[in-house]
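Presented below is the structure to which this report refers.
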Amino acid sequence: MGCGGKQSESGLFSSGIPLGTIDKKLEEASGLVASASNPGYFWTHNDSGDDARVYLINTEANVVMTCTLSNARNRDWEDITLGPGPEPGKNYLYVGDLGDNEARYAFKVIYRFEEPVLASDKVAITRFDTLFLQLSDGVRDAEALFIDPATAGLFVVSKREDSVRVYQIDRTWTSGDTITAPVKAKLPYINTVAANVSPDGKEVLLKTYDKIYYWKRTGSEAIPDLLKTKPVELTYRPESQGEAIAWDREGAGFYTLSESNRRGRANLIFYKRN
Numbered sequence: 000m001g002c003g004g005k006q007s008e009s010g011l012f013s014s015g016i017p018l019g020t021i022d023k024k025l026e027e028a029s030g031l032v033a034s035a036s037n038p039g040y041f042w043t044h045n046d047s048g049d050d051a052r053v054y055l056i057n058t059e060a061n062v063v064m065t066c067t068l069s070n071a072r073n074r075d076w077e078d079i080t081l082g083p084g085p086e087p088g089k090n091y092l093y094v095g096d097l098g099d100n101e102a103r104y105a106f107k108v109i110y111r112f113e114e115p116v117l118a119s120d121k122v123a124i125t126r127f128d129t130l131f132l133q134l135s136d137g138v139r140d141a142e143a144l145f146i147d148p149a150t151a152g153l154f155v156v157s158k159r160e161d162s163v164r165v166y167q168i169d170r171t172w173t174s175g176d177t178i179t180a181p182v183k184a185k186l187p188y189i190n191t192v193a194a195n196v197s198p199d200g201k202e203v204l205l206k207t208y209d210k211i212y213y214w215k216r217t218g219s220e221a222i223p224d225l226l227k228t229k230p231v232e233l234t235y236r237p238e239s240q241g242e243a244i245a246w247d248r249e250g251a252g253f254y255t256l257s258e259s260n261r262r263g264r265a266n267l268i269f270y271k272r273n
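Quick look at the structure:
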């Protein structure tokens with residue numbers, strides 16, 4: 000079990016600053032990651048109900064490119080992350096079809112493809128890898144997918160338990176594989192909806208609907224071991240349906256994004272490092 004106590008330290012980052020109102024194409028934005036190949040842009044997607052596609056947005060939250068995965072399915076895409084992959088020196092996007100509100104699906108699906116470069120407003124992704132993932136302790140809902148750039152380790156965090164589970168995915172998988180991910184940690188949080196590791200591998204953010212938790216590596220701790228230690232609880236004003244968090248590529252802070260609702264469209268929000 001992870002440590003239950005949490006240190007509160009609001010001085011690490013400023014209060015959130017809205018940067019732009021999300022494009023109408025992204026009414027149910029459910030994942031966010033800063034682009035490496037397109038500096039200053041972000042990848043995001045909708046959850047269930049949309050086609051199998053990811054969107055590149057600018058800091059005003061406008062869509063500048065839509066990338067559709069040919070012959071793939073968006074059952075309930077819940078998170079996106081970016082990091083190393085099978086070919087050294089290239090950046091890869093990982094999209095997690097993880098959602099399972101009623102715990103009905105034996106397998107989750109993760110798609111992996113080389114990060115596209117902004118060239119036109121619409122792109123078809125015809126080459127991508129597909130992983131079928133089973134969780135070792137049963138069928139669970141999950142919304143958080145993240146990669147450790149220091150080790151290329153890929154992780155999923157469950158959502159609804161009173162102590163959420165952290166699962167680690169074997170790095171040796173290839174397209175078409177079906178694997179079982181073991182539990183590497185249990186954490187005393189609930190409604191975990193997003194997580195992200197900084198590009199330098201030193202800082203970790205984990206988000207629930209109401210809280211954002213922060214960890215910093217002091218050495219080469221494994222991610223599951225780090226997450227078992229006491230986090231810093233950051234100052235955060237909960238969004239209406241905030242399910243996305245992403246580090247800035249240059250370390251200047253982090254961003255959050257939520258689904259829109261009847262009261263209006265959501266904002267891309269920036270929390271600047273102090």
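Number 257 in numbering that gives the first Met the number 0 belongs to position 258 of the sequence shown; there are no gaps in the numbering. Just so you know, even glycine gets a beta-carbon here, dropped at the ideal spot from N, CA and C.
Sorted by chain position, which residues of the same chain lie with C-beta nearer than 7 Å to residue i's C-beta, five sequence neighbours on each side aside?
i: Asn100; result: Asp140
i: Gly1; result: Note that Gly1 scores 44 on pLDDT, short of 50, meaning its location in the model is unreliable and no value can be drawn from it.
i: Ala102; result: Val138, Arg139, Asp140
i: Asn260; result: Ser239, Gln240
i: Asp161; result: Ile189
Report the residue from the options whose alpha carbon sits nearest the alpha carbon of residue i.
i: Val231; options: Ile16, Leu205, Ala243, Ile244; result: Leu205
i: Leu117; options: Val32, Pro237, Asn37; result: Asn37
i: Lys24; options: Phe112, Asp46, Asn70; result: Asp46
i: Tyr208; options: Glu242, Asn195, Lys185, Lys215; result: Glu242
i: Glu27; options: Phe269, Glu86, Gly263; result: Gly263
i: Ile178; options: Phe106, Glu114, Pro115; result: Phe106
i: Ala123; options: Val62, Val196, Asn70, Lys229; result: Asn70
i: Ala51; options: Val63, Ala35, Leu68, Met64; result: Leu68
i: Ala184; options: Glu160, Asp224, Lys229; result: Asp224
i: Glu91; options: Val32, Thr65, Leu132, Phe131; result: Position check: residue 91 holds Tyr in this sequence, whereas Glu was assumed. Residue Val32 is the option with its Cα nearest to Tyr91.
i: Val53; options: Lys89, Glu113, Leu11; result: Glu113
i: Pro87; options: Gly95, Thr150, Val94; result: Thr150
i: Gly157; options: Thr173, Thr20, Phe269, Asp78; result: The question names Gly, but residue 157 is Ser in the sequence shown. Comparing Cα positions, the closest option is Asp78.
i: Ser174; options: Phe127, Pro198, Lys89; result: Phe127
i: Ile222; options: Ile211, Ala194, Asp176; result: Ala194
Please confirm whether residue i and residue j have their CB atoms less than 9 Å apart.
i: Thr129; j: Val108; result: yes
i: Arg272; j: Ala245; result: no
i: Glu258; j: Ser29; result: yes
i: Ala265; j: Thr191; result: no
i: Ile146; j: Gly82; result: yes
i: Leu153; j: Thr43; result: no
i: Arg74; j: Tyr104; result: yes
i: Tyr254; j: Leu267; result: yes
i: Arg248; j: Ala35; result: yes
i: Ser135; j: Pro85; result: no
i: Ser13; j: Arg236; result: no
i: Val163; j: Leu186; result: yes
i: Pro148; j: Gly200; result: yes
i: Val165; j: Gly95; result: no
Let's see if you can read the secondary structure: which residues bound the alpha helix (DSSP H) around residue i?
i: Pro223; result: 222-226
Between which two residues does the beta strand (DSSP E) containing residue i stretch?
i: Gln133; result: 128-134
i: Ile168; result: 163-168
i: Pro17; result: 16-20
i: Trp246; result: 241-246
i: Gly200; result: From DSSP, Gly200 is part of no beta strand (DSSP E); its letter is neither H nor E.
i: Arg111; result: 107-113
i: Arg74; result: Arg74 -> no beta strand (DSSP E), and no H or E assigned at all.
i: Asn45; result: 41-45
i: Ala141; result: 141-147
i: Trp214; result: 211-215
i: Phe154; result: 152-157
i: Leu31; result: 28-33
i: Thr67; result: 62-68
i: Asn266; result: 266-271
i: Leu92; result: 91-96
i: Phe12; result: No beta strand (DSSP E) holds Phe12; DSSP gives it neither H nor E.
Is there a C-beta anywhere in chain C that falls below 9 Å from the one on residue i?
i: Asp120; result: In the structure shown, chain C does not exist; there is a single protein chain.
Kindly list the residues whose CB is nearer than 6 Å to the CB of residue i, restricted to its own chain and excluding five residues on each side of it in sequence; keep chain order.
i: Thr58; result: Leu18
i: Val203; result: Val196, Trp214
i: Leu256; result: Ala28, Leu31, Ala243, Leu267
i: Thr65; result: Arg52, Tyr54, Lys121
Please go through the same chain and pick out, in chain order, the residues whose beta-carbon is closer than 8 Å to the beta-carbon of residue i, but skip the five residues on each side of it.
i: Asp49; result: Glu27, Asn73, Trp76
i: Val63; result: Tyr40, Leu55, Ile56, Asn57, Leu117, Asp120
i: Ile16; result: Ile268, Phe269, Tyr270, Lys271
i: Arg159; result: Arg139, Asp140, Ile189, Asn190
If we count Cβ pairs, one from each stretch, closer than 8 Å, do we get three or more for the stretch 209-220 versus the stretch 166-178? Fewer than three pairs of CB atoms, one per stretch, sit closer than 8 Å, so the stretch 209-220 makes no contact with the stretch 166-178.
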